[in-house]
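Asks:
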Amino acid sequence: MNTASPIATHTIDFKAAARDLLPPGASYDACLSCGLCSAGCPASGLEGMDPRRFIRMAMLGMNEELSTTPWIWTCTQCQRCKYVCPMSIDVAVLVGLARGAWPTEKKPSGIVRSCEAQLRFPGTSAMGLQEEDFVETVEETVASVRGQGDRFARLEAPIDRQGAHFFVNQNSREPATEPEEMGPLWKIFDYVGADWTYSSTGWAAENFCMFTGDDQAWRKMVEQRVAAVNRLGCKVWLNTECGHSFYTVWKGVERFGLKADFEPASLVSYYARWIREGRLPVNAEWNTQGIKFTVQDPCQLVRKSLGDTMADDIRYVARMLVGEENFIDMAPSRSANYCCGGGGGFLQAGMKEQRWAYGKRKFDQITSTQADYVLTPCHNCHSQIEDLARHFHGGYRVVHFWTLICLSLGMLGEHERKYLGPDLARLGLGA
Amino acid sequence: MIKEPRRHQAELLVIGSGLAGMAASLFALARGVSVAQVGNSGVIAFTTGYLDLLGHDERGFVDDPWQALIRLREDEPRHPLANVTENDIRAAFTSFTQSLTEMGLGYTAPGAHNVLALTPAGTLKPTLSLPLTMQPAIAAMAAGLDTLIVDFTGLNGFSAREVVANLSQRWPGLRAARIGFPDMDSGAEVYAEVLARALEVPATRQLLAERIGPLLGSAQALGLPAILGVHRPDHVHRELQSLLGVPVFEIPTMPPAVPGVRLRELFETRLPQCGVALEPQHRVKRLELHTQGVTAHLEDAYGEVTIEAAAAVLATGRFTSGGLRADPNAIRETLVNLAVSQPEGRAHWYRPDYFDPRGHAINRSGVMVDEQWRPLDATGKPAHPRLFAAGSLLAHQDWIRQRCGAGVAIATAYKAVDAATQAARSG
Chain F
18 MNTASPIATH TIDFKAAARD LLPPGASYDA CLSCGLCSAG CPASGLEGMD
68 PRRFIRMAML GMNEELSTTP WIWTCTQCQR CKYVCPMSID VAVLVGLARG
118 AWPTEKKPSG IVRSCEAQLR FPGTSAMGLQ EEDFVETVEE TVASVRGQGD
168 RFARLEAPID RQGAHFFVNQ NSREPATEPE EMGPLWKIFD YVGADWTYSS
218 TGWAAENFCM FTGDDQAWRK MVEQRVAAVN RLGCKVWLNT ECGHSFYTVW
268 KGVERFGLKA DFEPASLVSY YARWIREGRL PVNAEWNTQG IKFTVQDPCQ
318 LVRKSLGDTM ADDIRYVARM LVGEENFIDM APSRSANYCC GGGGGFLQAG
368 MKEQRWAYGK RKFDQITSTQ ADYVLTPCHN CHSQIEDLAR HFHGGYRVVH
418 FWTLICLSLG MLGEHERKYL GPDLARLGLG A
Chain S
98 MIKEPRRHQA ELLVIGSGLA GMAASLFALA RGVSVAQVGN SGVIAFTTGY
148 LDLLGHDERG FVDDPWQALI RLREDEPRHP LANVTENDIR AAFTSFTQSL
198 TEMGLGYTAP GAHNVLALTP AGTLKPTLSL PLTMQPAIAA MAAGLDTLIV
248 DFTGLNGFSA REVVANLSQR WPGLRAARIG FPDMDSGAEV YAEVLARALE
298 VPATRQLLAE RIGPLLGSAQ ALGLPAILGV HRPDHVHREL QSLLGVPVFE
348 IPTMPPAVPG VRLRELFETR LPQCGVALEP QHRVKRLELH TQGVTAHLED
398 AYGEVTIEAA AAVLATGRFT SGGLRADPNA IRETLVNLAV SQPEGRAHWY
448 RPDYFDPRGH AINRSGVMVD EQWRPLDATG KPAHPRLFAA GSLLAHQDWI
498 RQRCGAGVAI ATAYKAVDAA TQAARSG
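Chains as they are written, first to last, in my numbering: chain F, 18 to 448; chain S, 98 to 524.
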């Protein structure tokens, strides 16, 4: 990205825009300038900016500066500033506006390219995976999982099955680069007897168009996905372990006034439900070594959408999986949690130094739990937290929920352990 | 898009999540009452961490708040604290500080006298109970120990030199030093909250101790801005003392400050663990009052939430927190439109001199209650048999000037919960 002298397509009048964007009764005039937003924001200080400064500059009419500051690409729009603000002032909404006003060629190219890729094919994959490749990869991987033993002989991963209860999306990372990671997810569906389907269109669980600030592209993406679910007549759109793909669809439907005949849900809530109902009888008996775990609350799933109900489900599943005594919460957590710095397109923005600086706070939080593993139901959190461990020489690993669920139920295959350490590499596999 | 409606049910609904609201939830839990709580954090993050009962009256600083309360009952019979017995105030205060300590945020037990505690500017103020991380300052000052006060490059709102300059006559052994905080010493602005979180990492404590150690010289104690961790301050405090080998104490910084963030995060973490259905950072939009109780409507990020309860405690605070609103010609209560005791017109809200020691009439405006802590309507009758009020929302007190904010919050929450519990369980 060229940040030397970006020139905005047009200079936004932020104060005027705020009047239109904020809900009735809310106003930046209410800002006390107290700085809780900045003290609680991991992006404070990057590019010489912080949330309080952003709001003050907006109030002072410093529109050109705000229209050109590259800080907006380091703000992940996680809304923690709004959460801790005594006046509930939303800075992220102005950041989204500022992003949209940048000329496309000046925006971080990684985010722009990901969005363009999503718009190119009906599968909506940010990694450019075409529908026939997705279908083929799923079919090949199903065959491979069936080969793991008799208990999986009838396992299925249906595609385009009309009238299935669950429409399941899939982050492109798995079919594109690590298809074996889809196995544990399917095994869980198989175990609980879920009535589910993938779709050949609108299957991908990522949406970088929102992060470009281009509302029309965001809308188009959501429209394609909503149409895909409506087409199959599914009751529940089940978002797999990913944060922003949930937010972009759920929020997008509301924001763009789309007609969606289904209920949006997070897979983790269903893990929790199935465990409570006894359909997924996980336990922590495997954890005889007392391996410690913590969880990362994805901002998009918790603070920005489903709230502490989601955070509670995440913890319930984690505790059941690893044992009460082996679960250590981060502080702060749940709705007050810090963004890891993987969101908002930051991972794709090419601003590594800034992203690491942002993530240092998350790294410190994790380090002070002394956990061996971080569980997170979000691919961007997963990648960022792993990268933080590499960069800052952390001693932890990052793992998906589906991996531990299958480990606990004794059905995790030998090649489905990419994210486990040597301590768990062979557990349950026999000699 | 199809969404499941979300409802909570509880015996008691606490509206507000400042000190009074949080104290109300704790008191209700202690009585085995099921609680739902809604409230924006308001200004709890703006506290110094000190819990004042009554620190100032017309004679000046109060040394013995219990004696001062006797005078208050005579001089200001409508003051909320004048309508709570000494026993109840003691029970409430003790229960509250014990709960905080048990939840991991250590506080001193309220004693017979106020102590003079340090302010961010190095002046002194009387308070009744203080965080354990700040307590060693009292003994160090009393003994006149050689003490080093350290501040940090880039940290606004706290100056060691200022503290030393203001205290040096009373405490001659004080000395100031400024250092860079480990890994945050570029000169750019740093925030106390960020330093506090960094000190939760053992390696950062070690690095900080290595920077401070050589500066100690003959110092027998060390004062730092309030940055000793957020969620385990007592642990961080002990660890740093052991690394440095001298008593360490915190001094509050300019608000919003770490001690307030500690309180907020403690409540937000622990209350749900104790079974409180907490909707943090949201406001009740509409409160319906009916024969069998109340129904609150609010909206969180996901959508509408409804809460049904048999009784409610209103602890929505004053102007900054949104419980009261100053319209051009009148002050009103924002949720139920309760009657508000107030001056006769805007011209009487303030005295001409902002620093007039007698204070301003607007600061004594607020909601009036009966002897059961039920707020009154315009006819002077309780607005509803199952609605109660507590905290700074109440009329006839001037908590900032009287240094009685925590006292009013805790004591009235105790009484309001007492009455609300009886109402909720009266069938």
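We put the CB at the ideal spot given by N, CA and C, even for glycine.
1) Does Tyr451/S pass the burial test, meaning 16 or more other C-beta atoms within 10 Å, or should it be called exposed?
2) Within its chain, find whatever has a CB closer than 8 Å to the CB of Ser400/F; leave out the 5 residues flanking it on each side and keep chain order.
3) Could you give the C-beta distance for Leu215/S and Leu221/S, rounded to a whole number, given that I count them as a contact under 8 Å?
4) How would you call Ala21/F, buried or exposed, if buried means at least 16 neighbouring beta carbons within 10 angstroms?
5) Under 8 Å by Cβ, that's how I've got Ala412/S and Gly118/S pegged, so tell me the actual separation to the nearest angstrom.
6) From the DSSP output, read off the bridge partner residues of Trp254/F.
7) Opposite Ala273/S in the DSSP bridges: which residues?
8) Thinking just about the alpha-carbon of each residue, which of Val112/F, Arg69/F, Ala60/F is nearest to the one in Leu38/F?
9) Do you know how far the Cα of Leu77/F is from the Cα of Ile497/S?
10) Which residue comes first and which comes last in the alpha helix (DSSP H) that contains Ile128/F?
11) Given a limit of 8 Å on CB to CB distance, which residues of the segment 33-51 of chain F reach chain S?
12) Is the CB-CB distance between Pro45/S and Gly52/F below 8 Å?
13) On the three-pair Cβ rule with 8 Å, is the segment 285-293 of chain S touching the segment 312-328 of chain S?
14) Return the chain-ordered ranges of every beta strand (DSSP E) run that is complete within the segment 329-395 of chain F and spans a minimum of 3 residues.
15) What is the DSSP secondary structure of Tyr264/F, counted as helix, strand or coil?
16) Does chain S have any CB closer than 8 Å to the CB of Thr384/F?
17) In the DSSP assignment, find the unbroken beta strand (DSSP E) run with Thr158/F in it and report its ends.
18) So if I threshold CB-CB distances at 8 Å, which residues from the segment 278-304 of chain F count as touching chain S?
19) Roughly how many whole angstroms lie between the Cα atoms of Pro23/F and Gly117/F?
20) In angstroms, rounded to a whole number, what distance separates the CA positions of Cys48/F and Gly180/F?
21) For the pair the segment 224-243 of chain F and the segment 204-215 of chain F, tell me if three or more CB-CB distances fall below 8 Å.
22) Assign Gln306/F to buried or exposed, taking buried as 16 or more other Cβ atoms, counted over all protein chains shown, within 10 Å of its Cβ.
23) DSSP three-state call for Glu489/F: helix, strand or coil?
24) If we ignore side chains and look at the alpha-carbon of each, how far apart do Gly145/F and Phe151/F end up?
25) Would you check if there are 3 or more beta carbon pairs closer than 8 Å linking the segment 109-125 of chain S to the segment 438-448 of chain F?
26) What does the alpha-carbon distance come out to for the pair Gly201/S and Arg128/S?
27) Using 10 angstroms around the beta-carbon of Gly200/F, count the other beta-carbons present and answer buried if the total reaches 16, otherwise exposed.
28) Specify the secondary structure class of Asp212/F as computed by DSSP and reduced to three states.
29) Using a Cβ-Cβ cut-off of 6 Å (strictly less than) and excluding sequence neighbours within five positions of Gly219/S, which residues of its own chain qualify?
30) Which residue or residues does DSSP assign as beta-bridge partners of Met281/S?
31) Under 8 Å, Cβ to Cβ, is there at least one residue of chain S near Lys237/F?
32) Against chain S, which members of the segment 127-144 of chain F pass a CB distance test of less than 9 Å?
33) When Cβ atoms are compared, which residues of the segment 424-447 of chain F fall closer than 9 Å to chain S?
34) Here's a check: name, in chain order, each residue in its chain whose Cβ is nearer than 6 Å to the Cβ of Gly420/S, leaving out the five neighbours to either side.
35) With 16 other CB atoms within 10 Å as the buried threshold, where does Gly62/F fall?
Replies: Concretely, from the data shown:
1) exposed
2) Gly359, Leu364
3) 7 Å
4) Residue confidence for Ala21/F is low, a pLDDT of 42 falling below 50, so the modelled location carries little weight and cannot support an answer.
5) 4 Å
6) Phe184/F, Pro281/F
7) Ile246/S
8) Val112/F
9) 31 Å
10) 126-137
11) Leu49, Cys51
12) Since the displayed chain S opens at 98 and closes at 524, residue 45/S lies outside it and no answer follows.
13) yes
14) 390-392
15) helix
16) yes
17) Segment 148-163 is the alpha helix (DSSP H) holding Thr158/F; no beta strand (DSSP E) there.
18) Asp278, Phe279, Glu280, Pro281
19) Per-residue confidence for Pro23/F stands at a pLDDT of 47, beneath the threshold of 50, marking its modelled position as unreliable; the derived number appears in the next sentence. In a straight line, the C-alpha of Pro23/F is about 13 Å away from that of Gly117/F.
20) 50 Å
21) no
22) exposed
23) Beyond the ends of chain F as shown, which are 18 and 448, falls residue 489/F; an answer cannot be given.
24) 10 Å
25) no
26) 21 Å
27) buried
28) coil
29) Glu259, Val260, Asn263, Leu264
30) Phe278/S
31) no
32) none
33) none
34) Thr413, Gly414, Leu490
35) buried
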